[in-house]
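**Student:** Okay, handing you the structure first.
Numbering (the numbering used here), first residue to last: 874 to 1272.
Spelled out as structure tokens, the structure:
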């Protein structure tokens, strides 16, 4: 017998699998479009999917964001509310030469998040004649982040290219505590600390040679990420740790690639993205009850574009964004695929000078209550603030 009870720790209980809950990508300006971003250029947003779109940012900018998550978790018998908040990244971009679309961008942002607390109850066999009740608590925290630097430029009118390199780093800590509430057997605690470090790349292209149509694509790779793992064992009646240093090993992250299409009609922009990442050969955290598989994301967004005229009224200058999407997460557990459906709304608001405030509200559902699993209803508020000015003035070139 096994009973699973989701206790919560502020994040998704499904982050127990793999490297956790992978961020869908994008800041608030793109989050409000359902995460649609591969073929959506912006004068002020720093695009995290397609580096080729950095060429369209006309000012040098600094940007910081914050993300707040609210979850309602249910397993069919119990319902629980939980929340958490964290910095959503710090970015910068230098618009070096607008005449050739040369821009340089850098930043640090989260890649995945691990934040779960799950309790199970089992009747276990101590010998051939006796079963005892064991309560096991699984507690995980941490995640991975990326620090990147890259550049974009216009190869010729209508075609922009961009690329970046990034360092992936972070700590994932897993703690497993087992107690025997009806007996005097010794409780135990095991802690595993996995430190990650590796390098990767991203490349993108954007074509706008067809009137009112934009076509974008990107590819992202992490050839190998090294993992330095330590295990700590403690029996609570002894109060002495046993430390085991495992040999360093590498994890091969799968390629991620995607395609996007956008169409501008008057004051409106319509866009869609498709992203795919194959985790079927993923070889980290394989002792959990999950089978890794393809992950995909399909999203659509609509933006009512703001008036850029200085004399326009404030409400007319705002971009009003709407979006929705579907994500198939990268694991199957107890025979169930875990999918996510969501919708979003947000605004891009100019404030003083070239400063912008962007916010997005996203609501959705993931998971199922089948096989003792949990369904998570979630809401997410993402807010970004960016400031910018012209640092480099384009100059005339001799023909």
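Positions of the beta carbon are idealized from the N, C-alpha and C atoms, including for glycine.
Would you say residue 1217 and residue 918 are within 8 angstroms of each other, going by their C-beta atoms?
**Tutor:** Going by C-beta atoms, residue 1217 is not nearer than 8 angstroms to residue 918.
**Student:** Using DSSP bridges, identify the partner residues of residue 997.
**Tutor:** 1005
**Student:** Could you give the first and the last residue of the continuous alpha helix (DSSP H) run that contains residue 1121?
**Tutor:** First-last for residue 1121: undefined, no H or E at that position.
**Student:** Helix, strand or coil: which one does DSSP assign to residue 888?
**Tutor:** helix
**Student:** On the CB-based measure, 16 or more other CB atoms within 10 Å of its CB, does residue 1075 come out buried or exposed?
**Tutor:** buried
**Student:** Per DSSP, what are the beta-bridge partners of residue 1214 in this structure?
**Tutor:** 1199 and 1238
**Student:** Label residue 1176 either buried or exposed according to how many other C-beta atoms from any shown protein chain fall within 10 Å of its C-beta, with 16 as the threshold for buried.
**Tutor:** buried
**Student:** CB-CB under 7 angstroms to residue 1161, same chain, minus the five flanking residues each way: which ones, in chain order?
**Tutor:** Within its own chain, the residues whose Cβ lies closer than 7 angstroms to the Cβ of residue 1161, once the five positions on either side in sequence are excluded, are 889 and 890, listed in chain order.
**Student:** Helix, strand or coil, according to DSSP, for residue 1280 in the structure here?
**Tutor:** This structure does not reach residue 1280, given that the chain is present from 874 up to 1272, and the question cannot be answered.
**Student:** Do you know how far the Cα of residue 1231 is from the Cα of residue 932?
**Tutor:** 17 angstroms
**Student:** Give me the Cα-Cα distance between residue 874 and residue 1006, rounded to the nearest whole angstrom.
**Tutor:** At residue 874 the pLDDT is 41, less than 50, meaning the model places this residue with poor confidence; the figure from the coordinates comes in the next sentence. Here the alpha carbons of residue 1006 and residue 874 stand approximately 10 angstroms from one another.
**Student:** Residue 936: which of 953, 964 and 1209 sits nearest, CA to CA?
**Tutor:** 964
**Student:** The alpha helix (DSSP H) that contains residue 904, what's its start and end?
**Tutor:** Counted as a single uninterrupted DSSP element, the alpha helix (DSSP H) harbouring residue 904 occupies residues 901-904.
**Student:** Which whole-angstrom value is the C-beta distance of residue 984 and residue 1017, which I expect to be below 8 angstroms?
**Tutor:** 4 angstroms
**Student:** Report the CB separation of residue 1048 from residue 1064 in whole angstroms; it is logged as a contact under 8 angstroms.
**Tutor:** 5 angstroms
**Student:** Can the beta-carbon of residue 1254 be found closer than 8 angstroms to that of residue 941?
**Tutor:** yes
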